[in-house]
Amino acid sequence: MKVFRDARPRLPPSRAMTTSVPFQRNRSIARAVGLSLAAGVLLSIATTSRADDAADFEKSSEFTAELKESIDAVAQDCKLQLNVTTNIAAVDLTPWSGGKLGVRMASVAQACTRAIDQIHKLCRFNQNKAAWQPVVAREIKGVRCQFTGHQPRKQDENLDVWTRRNVTFANGVLTVLMAPALQDIDEAATVAVMAGLAGKPGAPAVRKDILKTGGNGEQCTRWQDCGSGLCTKGVCGWCGKAAKCRAGTTCDEGICRTAEEVQLKAQQIEENRSTREEQREEAAPAKTTAKGSAKGRMCSKDKDCQSGACKMENKTRGRCQ
Numbered sequence: 011m012k013v014f015r016d017a018r019p020r021l022p023p024s025r026a027m028t029t030s031v032p033f034q035r036n037r038s039i040a041r042a043v044g045l046s047l048a049a050g051v052l053l054s055i056a057t058t059s060r061a062d063d064a065a066d067f068e069k070s071s072e073f074t075a076e077l078k079e080s081i082d083a084v085a086q087d088c089k090l091q092l093n094v095t096t097n098i099a100a101v102d103l104t105p106w107s108g109g110k111l112g113v114r115m116a117s118v119a120q121a122c123t124r125a126i127d128q129i130h131k132l133c134r135f136n137q138n139k140a141a142w143q144p145v146v147a148r149e150i151k152g153v154r155c156q157f158t159g160h161q162p163r164k165q166d167e168n169l170d171v172w173t174r175r176n177v178t179f180a181n182g183v184l185t186v187l188m189a190p191a192l193q194d195i196d197e198a199a200t201v202a203v204m205a206g207l208a209g210k211p212g213a214p215a216v217r218k219d220i221l222k223t224g225g226n227g228e229q230c231t232r233w234q235d236c237g238s239g240l241c242t243k244g245v246c247g248w249c250g251k252a253a254k255c256r257a258g259t260t261c262d263e264g265i266c267r268t269a270e271e272v273q274l275k276a277q278q279i280e281e282n283r284s285t286r287e288e289q290r291e292e293a294a295p296a297k298t299t300a301k302g303s304a305k306g307r308m309c310s311k312d313k314d315c316q317s318g319a320c321k322m323e324n325k326t327r328g329r330c331q
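Just so you know, we're using our numbering here: the sequence shown kicks off at 11 and counts up by one.
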């Protein structure tokens with residue numbers, strides 16, 4: 011388990027960005043930049059001139075390394091060199107540690123990785139992937155994984171609803187406001203991207219409920235203005251026991267959905283599950299099956315054995331040597 015604060019001597023603070031920096035910091039910066047270039051991504055890092063700059067850059071390079079595989083997949087299948095920005099360098103990751111000594115960067119990066127994976131999914135696994143590929147390559151500019159400013163979860167708020175408030179798409183950038191509990195963002199990222207690309211030249215038609223844009227607390231004049239499908243007294247709100255959906259819809263995890271939309275959501279969840287399984291199968295190394303039985307196993311002829319030698323114990327059977 012990686013520990014970000016180690017026993018190495020603290021570096022002296024740099025007084026100006028033009029001054030020379032210690033070797034350790036240079037090495038960390040070089041590693042961060044090298045990983046970014048290897049991933050085909052421009053990684054923008056928020057930095058400071060504190061004494062532990064080197065540890066901050068080390069943190070950034072590890073974060074970049076966790077994203078590399080997903081970024082490479084987007085570059086290959088979506089023909090998109092994705093611009094990823096983050097301010098992880100200057101953020102205390104203690105909340106991600108759960109009180110333990112170290113932090114697993116794979117867990118910290120999970121939400122950002124999944125956001126990138128949903129862009130890849132449009133070009134690689136969507137049934138209209140051929141149509142989505144040029145739209146994604148043309149319209150998507152980058153992903154911003156920001157570790158500050160996330161929207162806190164309200165009391166008794168549905169997890170999916172809270173996630174959607176922290177995953178948005180605007181001006182070609184998919185933004186994820188990172189939080190320790192924000193992990194299962196597949197649907198939220200898919201909804202944000204497809205809603206943002208809907209109506210763009212060449213973009214396939216998308217589900218009606220994805221086109222709802224307004225979030226909880228935003229002003230509205232009709233239900234179509236709200237992502238929840240519920241506009242009450244000029245304000246969007248999430249449906250629940252105290253709020254009624256319009257006729258023909260039911261409250262499904264905070265969102266007013268028709269029976270068709272509920273079914274489409276279930277299909278989306280199943281597609282996400284199937285996609286993850288297919289991705290795991292593609293990434294898994296090919297299994298090799300050894301021909302013949304191992305030494306000591308029963309056999310009837312030499313070719314039954316891995317060694318090619320079957321010592322017969324009687325007329326019908328023997329053991330591999």
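No residue lacks a Cβ here, since even glycine has one placed at the ideal position from N, Cα and C.
Fair warning: this is a prediction, and the values are worked out from it, not measured in the lab.
Taking residue i as the reference, which of the options has the closest Cα?
i      : options                        : result
Pro162 : Gly258, Arg154, Trp172, Gln156 : Trp172
Pro190 : Lys313, Asn138, Met115         : Met115
Val118 : Gln193, Val183, Thr178, Gly159 : Gln193
Cys236 : Ser70, Ala205, Ala213, Gly328  : Ala205
Ser80  : Phe73, Val94, Thr123, His160   : Thr123
Gln137 : Gln278, Trp233, Lys254, Ala319 : Gln278
Leu92  : Asp127, Glu197, Arg174, Thr259 : Asp127
Ala121 : Asn181, Ala180, Thr200         : Thr200
Gly244 : Cys230, Arg267, Ala75          : Cys230
Phe135 : Val113, Ala99, Ala215, Cys88   : Cys88
Asn168 : Ala215, Ala75, Cys249, Glu271  : Cys249
Ala100 : Leu77, Phe73, Gln331           : Phe73
Trp142 : Ala213, Pro105, Arg175, Thr158 : Ala213
Which residue marks the beginning of the beta strand (DSSP E) containing residue i, and which one marks its end?
i      : result
Gln156 : 152-156
Thr326 : No beta strand (DSSP E) holds Thr326; DSSP gives it neither H nor E.
Asp262 : 260-262
Thr95  : 93-96
So for residue i, helix, strand or coil by DSSP?
i      : result
Phe179 : strand
Ile265 : strand
Leu192 : coil
Ser303 : strand
Val245 : strand
Asp312 : helix
Ala213 : coil
Thr173 : helix
Gln273 : helix
Measure the C-alpha to C-alpha separation of residue i and residue j and round it to an integer number of angstroms.
i      : j      : result
Glu263 : Ser238 : 9 Å
Asp166 : Lys69  : 34 Å
Val203 : Cys155 : 15 Å
Gly209 : Gly108 : 43 Å
Arg37  : Thr96  : Confidence at Arg37 is low in this model, with a pLDDT of 40, below 50, so its placement is unreliable and the value that follows should be read with caution. Whole-angstrom Cα-Cα distance: 20 Å.
Thr178 : Val186 : 7 Å
Gln273 : Cys315 : 53 Å
His160 : Ala304 : 57 Å
Gly258 : Thr268 : 6 Å
Val113 : Ile98  : 13 Å
Under 7 Å Cβ to Cβ from residue i, same chain only, skipping five residues before and after it: list those, please.
i      : result
Leu90  : Val84, Val146, Ala147, Ile150
Met308 : Arg327, Arg329
In the DSSP assignment, the alpha helix (DSSP H) including residue i goes from what residue to what residue?
i      : result
Glu197 : 196-207
Ala141 : 139-149
Ser117 : 115-118
Could you name the residues of the same chain whose beta carbon sits closer than 6 Å to that of residue i, not counting the 5 residues immediately before and after it, in chain order?
i      : result
Asp170 : Glu263
Glu228 : Cys246
State yes or no: is the C-beta of residue i nearer than 7 Å to some heavy atom of the ligand ATP?
i      : result
Asn324 : Ligands in the displayed structure: none, and consequently the ligand ATP is not present.
Going by beta carbon distance, what residues of the same chain come within less than 8 Å of residue i, once the five residues before and after it are set aside?
i      : result
Arg232 : Cys241
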